[in-house]
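First up is the structure itself, then whatever we jot down about it.
Number of protein chains: 2
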Amino acid sequence: MRVGIGILGGGVVGGSLANKLLTERDIIRSKTGLDLHLVRVAVRDLDKARLFPAEYVTDRPEDVVSDPEVQLVVELIGGLDPARGLVLAALDAGKPVVTANKQLVASDGPALFEKAAANGVSILFEAAVGGGIPIIRPLSESLAGERLTSVMGIVNGTTNFILTRMTDEGSPYAEVLAEAQRLGYAESDPTADVSGADAAAKAVILAGLAFGVWVDLDHVYSEGIEGIQPIDIGFARQLGYVVKLLGIAEVTSDGVSVRVHPALVPTQHPLAAIRGAQNAVFVQGPAVGELLFSGPGAGGEPTATAVLGDMVTAARELLADAPVAPRVRIGAGEVREFGTVSTSRYLRLEVEDAPGVLATIAGTFGEAGVSIRSVWQEGRGDRATLLLVTHAGPEAAHDKALDQLSGMAAVRQVAAVMRVVGEPV
Amino acid sequence: MRVGIGILGGGVVGGSLANKLLTERDIIRSKTGLDLHLVRVAVRDLDKARLFPAEYVTDRPEDVVSDPEVQLVVELIGGLDPARGLVLAALDAGKPVVTANKQLVASDGPALFEKAAANGVSILFEAAVGGGIPIIRPLSESLAGERLTSVMGIVNGTTNFILTRMTDEGSPYAEVLAEAQRLGYAESDPTADVSGADAAAKAVILAGLAFGVWVDLDHVYSEGIEGIQPIDIGFARQLGYVVKLLGIAEVTSDGVSVRVHPALVPTQHPLAAIRGAQNAVFVQGPAVGELLFSGPGAGGEPTATAVLGDMVTAARELLADAPVAPRVRIGAGEVREFGTVSTSRYLRLEVEDAPGVLATIAGTFGEAGVSIRSVWQEGRGDRATLLLVTHAGPEAAHDKALDQLSGMAAVRQVAAVMRVVGEPV
Numbered sequence: 218m219r220v221g222i223g224i225l226g227g228g229v230v231g232g233s234l235a236n237k238l239l240t241e242r243d244i245i246r247s248k249t250g251l252d253l254h255l256v257r258v259a260v261r262d263l264d265k266a267r268l269f270p271a272e273y274v275t276d277r278p279e280d281v282v283s284d285p286e287v288q289l290v291v292e293l294i295g296g297l298d299p300a301r302g303l304v305l306a307a308l309d310a311g312k313p314v315v316t317a318n319k320q321l322v323a324s325d326g327p328a329l330f331e332k333a334a335a336n337g338v339s340i341l342f343e344a345a346v347g348g349g350i351p352i353i354r355p356l357s358e359s360l361a362g363e364r365l366t367s368v369m370g371i372v373n374g375t376t377n378f379i380l381t382r383m384t385d386e387g388s389p390y391a392e393v394l395a396e397a398q399r400l401g402y403a404e405s406d407p408t409a410d411v412s413g414a415d416a417a418a419k420a421v422i423l424a425g426l427a428f429g430v431w432v433d434l435d436h437v438y439s440e441g442i443e444g445i446q447p448i449d450i451g452f453a454r455q456l457g458y459v460v461k462l463l464g465i466a467e468v469t470s471d472g473v474s475v476r477v478h479p480a481l482v483p484t485q486h487p488l489a490a491i492r493g494a495q496n497a498v499f500v501q502g503p504a505v506g507e508l509l510f511s512g513p514g515a516g517g518e519p520t521a522t523a524v525l526g527d528m529v530t531a532a533r534e535l536l537a538d539a540p541v542a543p544r545v546r547i548g549a550g551e552v553r554e555f556g557t558v559s560t561s562r563y564l565r566l567e568v569e570d571a572p573g574v575l576a577t578i579a580g581t582f583g584e585a586g587v588s589i590r591s592v593w594q595e596g597r598g599d600r601a602t603l604l605l606v607t608h609a610g611p612e613a614a615h616d617k618a619l620d621q622l623s624g625m626a627a628v629r630q631v632a633a634v635m636r637v638v639g640e641p642v
Numbered sequence: 218m219r220v221g222i223g224i225l226g227g228g229v230v231g232g233s234l235a236n237k238l239l240t241e242r243d244i245i246r247s248k249t250g251l252d253l254h255l256v257r258v259a260v261r262d263l264d265k266a267r268l269f270p271a272e273y274v275t276d277r278p279e280d281v282v283s284d285p286e287v288q289l290v291v292e293l294i295g296g297l298d299p300a301r302g303l304v305l306a307a308l309d310a311g312k313p314v315v316t317a318n319k320q321l322v323a324s325d326g327p328a329l330f331e332k333a334a335a336n337g338v339s340i341l342f343e344a345a346v347g348g349g350i351p352i353i354r355p356l357s358e359s360l361a362g363e364r365l366t367s368v369m370g371i372v373n374g375t376t377n378f379i380l381t382r383m384t385d386e387g388s389p390y391a392e393v394l395a396e397a398q399r400l401g402y403a404e405s406d407p408t409a410d411v412s413g414a415d416a417a418a419k420a421v422i423l424a425g426l427a428f429g430v431w432v433d434l435d436h437v438y439s440e441g442i443e444g445i446q447p448i449d450i451g452f453a454r455q456l457g458y459v460v461k462l463l464g465i466a467e468v469t470s471d472g473v474s475v476r477v478h479p480a481l482v483p484t485q486h487p488l489a490a491i492r493g494a495q496n497a498v499f500v501q502g503p504a505v506g507e508l509l510f511s512g513p514g515a516g517g518e519p520t521a522t523a524v525l526g527d528m529v530t531a532a533r534e535l536l537a538d539a540p541v542a543p544r545v546r547i548g549a550g551e552v553r554e555f556g557t558v559s560t561s562r563y564l565r566l567e568v569e570d571a572p573g574v575l576a577t578i579a580g581t582f583g584e585a586g587v588s589i590r591s592v593w594q595e596g597r598g599d600r601a602t603l604l605l606v607t608h609a610g611p612e613a614a615h616d617k618a619l620d621q622l623s624g625m626a627a628v629r630q631v632a633a634v635m636r637v638v639g640e641p642v
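Residue numbers (our numbering), protein chains in the order written: chain A, 218 to 642; chain B, 218 to 642.
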């Protein structure tokens, strides 16, 4: 019942995992009946101090993949290359792969699944979305019989940490980002997180599992949190909302839509309560209603736990010599143009405080085909701040209205635009 | 790829499921690659109107089990008998079983798992806990590598509905129960729900999967919600708590403890936000931190979805002719006497408002080995209401203090006692 394990990547997750395999081998065996035997760990820098003995270390990942003692490959390098080549080589050698690599799965998912199936093995990636939260398996197995309609989540801990701090303290983005970097919640180059790119990859994976359609990352509308101002977080709160960065995957009769953007979420929505670096995924379907999965979205230990759960499944599959893990089934499906997707918007406009201005602005929205749900105006002498929340309408119609507003003399500035998800009770 | 399905029980869940199999067969096939073919449904009353055509109906469940066309048996009768005999017969015939029967799994779990393993098939029961919420599979598979320390949940929708209404409206238990019965949230005989027995069965299952130890139902301390008064819900709120009925499974070096009782939960705890008939399970472990799974805890459609997810796994296993579902591994383990379990308590005492009474009461707790965390006293002439929240201490020590209090002349009445989980921030 012994299964040889090779780990690619000795960073936070890889180190936690190697350490867990070495120190908790007996517990894992008694809980699962499997002897997960660490063979080798490929690292970039042989001289760096590690959580596990140096005898396991190599700097040649391809040797780990080809080692005959290694029966199961765990890829924790991240990024597209060289991870892609190593994963493909492992699958070609008939070795199951467990990975936490959201970029690779998002970009190459269908090709990887096909390669795995052709070699009669699995590629498992529970840790690629939501860190330690079990979400991949519930979507692909427990909910296999449900016609899910939407999967929506806070899937990036860095941005949720930053937004939570901005909300609690009213501090500007740049200041909170610097704090997050100091505390280790944000990378020194935070672009992938704050731009929404990380969340976009995860949303593609969630959509693929929920709807069986793999959306190209190029077709994902993605907007980050860099432009969010504390004043709008404050206004949102007054209107009954919290600002969150959401990854949203939806399916309608018009096709599948995947997008990432900041959104005003009603304070009583389950996602509004997810604070700090926590992650959560909110799933809806006609039969199952609403499900929420929440927990730690990142970190070495939670992620290593998710990886280990997949390793147990992969090891069982090796021993059974039969497909134990569910095969991901990807079909063809319409991907919606973002312009046709229906959203509500929050806008903050700086306008002339003169008679007729509000009527003109309202008229502009009406002409574009967008109706206004609520308006709040605060005058200050000859100018006023106008907050608008619209009803749902196509993105293209919103953009048209926005274009017109930007060109109006009475509108000094379109100071903020964010989307709104749901209505406060 | 066709798998013949026999359903035992044509009630709310069985009807939903049969209807789903007939109307969504193509969708299930395209999502899973499996053709789940409904063969027969055993019902108690042949003449009752059903959601599915009468041609599928029989009133002889044993014929469904023995039908050679039936390859997979779904047990939705509930209760111990005749469900137990039918499930065992199916397993003996080498047919995998999917069940939503928490009583049967809680009482006979290890015997059922053994019987299933001996016949090389699975018994799956995702729907037995938390209705449509995927929790069984995450515990037994995704978290297989984690040394979980506690699983705590709101696992009974009826009692959570009643407590939520009592909280919102300040109405007495009996009145809200009657309303719940009118609305279909409580049975005409609500005993199993309100007494905590239903939650106890679910807590046994959660403990078994999380810790690998199956606790006999007789060793589960279980207290229902019948005695809860709106005044204590109000006081709890003032102190920063919400009152919930919790199923709690914990493991420490002293062994496993499973219990069900009302508890004061801090308002900012994730379980405090679970309202109405919703269910939620809160899982803790050293590596994974805190996970929350929430969703609809009952209802035909959500439960049928959970059953269907299990059917897909069982069908894949049949076709692979190898163990696809994880085998539940139950070992020996210490079960803690409830008296040794450490809890905090909330008490409401009606006392004489005289000098020295508070000191005497505090002394009584001290002698019993329980220390007091906070005290709130409201005088009304010669008597006073005293609210106490203690620090954690062994149940036996609490009981000793309570005994002494009850015998004190200055204590007119111990008006309420509830346990407290966690501290408000």
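Beta carbons are placed, not taken as given, at the ideal position from N, Cα and C, and that holds for glycine.
- Query: Which ranges would you report for the beta strand (DSSP E) in the stretch 481-509 of chain B if only whole runs of at least 3 residues count?
  - Reply: 495-502
- So with Cβ pairs under 8 Å, would you call P651/A a contact of chain B? In the structure as shown, chain A starts at 218 and stops at 642, and residue 651/A therefore has no counterpart that could be examined.
- Task: Let me know the secondary structure DSSP gives E225/A once reduced to three states.
- Result: The residue asked about is misnamed: residue 225/A is Leu in this sequence, not Glu. Looking at L225/A - three-state DSSP - the assignment turns out to be strand.
- Query: Any Cβ of chain A within less than 8 Å of the Cβ of D426/B?
  - Reply: For the sequence presented, residue 426/B should be read as Leu rather than Asp. Not closer than 8 Å to any Cβ of chain A, the Cβ of L426/B fails to qualify, so no.
- In the DSSP assignment, what residue or residues form a beta bridge with W431/A? Its beta-bridge partners do not exist; DSSP assigns none.
- Item | 8 Å Cβ cutoff, A504/A in contact with chain B | Closer than 8 Å: yes.
- From this set, V475/A, A328/A, R600/A, A300/A, which residue's C-alpha is nearest A317/A's C-alpha? A300/A
- Query: Between the Cα of N456/B and the Cα atoms of E279/B, L604/B, Y273/B, E292/B, which residue gives the shortest distance?
  - Reply: Going by the sequence as given, residue 456/B is Leu instead of Asn. Out of E279/B, L604/B, Y273/B, E292/B, L604/B has the C-alpha closest to the C-alpha of L456/B.
- Message: Going by DSSP, what residue range makes up the alpha helix (DSSP H) through H615/A?
- Response: From DSSP, the alpha helix (DSSP H) with H615/A extends over 612-623.
- Message: For a quick check, are the C-beta atoms of Q501/B and T408/B less than 8 Å apart?
- Response: no
- Query: Quick one: does P513/A have its CB under 8 Å from some CB of chain B?
  - Reply: By the rule that beta-carbons nearer than 8 Å mark a contact, P513/A touches chain B.
- Message: So I350/A and G493/A are supposed to be a Cβ contact under 8 Å. How far apart are they, rounded?
- Response: Contact flag wrong, Cβ pair sits at about 14 Å.
- Kindly indicate which residue of I491/B, V634/B, L426/B, A523/B has the alpha-carbon position closest to the one of R644/B. In the structure as shown, chain B starts at 218 and stops at 642, and residue 644/B therefore has no counterpart that could be examined.
- Query: Can you name, in chain order, every residue of its own chain whose Cβ lies under 7 Å from the Cβ of A323/A, other than the five neighbours on each side?
  - Reply: Scanning its chain for C-beta atoms nearer than 7 Å, with the 5 sequence neighbours on each side dropped, one finds around A323/A the residues A418, V421, I422, L434, in chain order.
- Query: Does the beta carbon of P323/A come closer than 8 Å to any beta carbon on chain B?
  - Reply: According to the sequence shown, residue 323/A is Ala rather than Pro. No, A323/A does not count as interfacial toward chain B.
- So M635/B is in the beta strand (DSSP E); what residue range does that whole segment cover? 628-637
- Rounded C-beta distance between S439/B and G413/B? I'm assuming under 8 Å. 4 Å
- Opposite A173/B in the DSSP bridges: which residues? Summary: the structure shown does not reach residue 173/B, with chain B confined to residues 218 through 642, and so no result is reported for it.
- Task: In the DSSP assignment, find the beta strand (DSSP E) that holds G349/A and state where it starts and stops.
- Result: Per DSSP, G349/A belongs to no beta strand (DSSP E) and is neither H nor E.
- Kindly indicate which three-state DSSP category E292/B falls into: helix, strand or coil? strand
- Query: So who's on the other strand from L604/B, going by DSSP bridges?
  - Reply: R565/B, W593/B
- Message: Does G583/A pass the burial test, meaning 16 or more other C-beta atoms within 10 Å, or should it be called exposed?
- Response: Within a 10 Å sphere around the beta-carbon of G583/A sit fewer than 16 other beta-carbons, which makes this residue exposed.
- Message: Using beta carbons (cut-off 8 Å, strictly below), is L289/B in contact with chain A?
- Response: no
- Query: Looking at chain A, which residues of the stretch 322-356 of chain B have a Cβ within less than 8 Å of any of its Cβ atoms?
  - Reply: E343, G349, I350, P351, R354, P355
- Going by DSSP, what residues sit across from V473/A in a beta bridge? V468/A, V552/A
- Task: State yes or no: is the C-beta of G598/A within less than 8 Å of the C-beta of G464/A?
- Result: no
- Query: Residue ranges of each alpha helix (DSSP H) run of no fewer than 4 residues wholly in the stretch 386-437 of chain B, ordered along the chain?
  - Reply: List check, alpha helix (DSSP H) in window: 390-400, 408-411, 414-428.
- Query: Short check: CB of R546/A to CB of G250/B, under 8 Å?
  - Reply: yes
- Is there at least one Cβ from chain B nearer than 8 Å to R364/A's Cβ? yes
- Query: Does the beta carbon of T249/B sit closer than 8 Å to a beta carbon anywhere in chain A?
  - Reply: yes
- Message: Could you check whether the stretch 552-571 of chain B touches the stretch 607-617 of chain B, counting it as contact only if at least three pairs of C-beta atoms, one from each stretch, sit closer than 8 Å?
- Response: yes
- Item | Contact set for L508/A: own chain, Cβ-Cβ below 6 Å, skip 5 residues either direction | V500
- Interface residues of chain A around L360/B at Cβ under 8 Å? P351, T522, G526
- From P540/A, D280/A, F555/A, A345/A, pick the residue whose C-alpha is nearest to that of N336/A; which is it? The shortest C-alpha separation from N336/A is found at P540/A.
- Cβ pair G347/B, N496/B closer than 8 Å: Yes; because the gap between Cβ atoms is below 8 Å, this pair is in contact.
- Message: So, for G517/B: in the same chain, excluding its five sequence neighbours on each side, which residues have a beta-carbon less than 7 Å away from its beta-carbon?
- Response: Setting aside the 5 residues that flank it on each side, G517/B is surrounded in the same chain by V229, V230, G232, S233, each with a C-beta closer than 7 Å to its C-beta; the list follows chain order.
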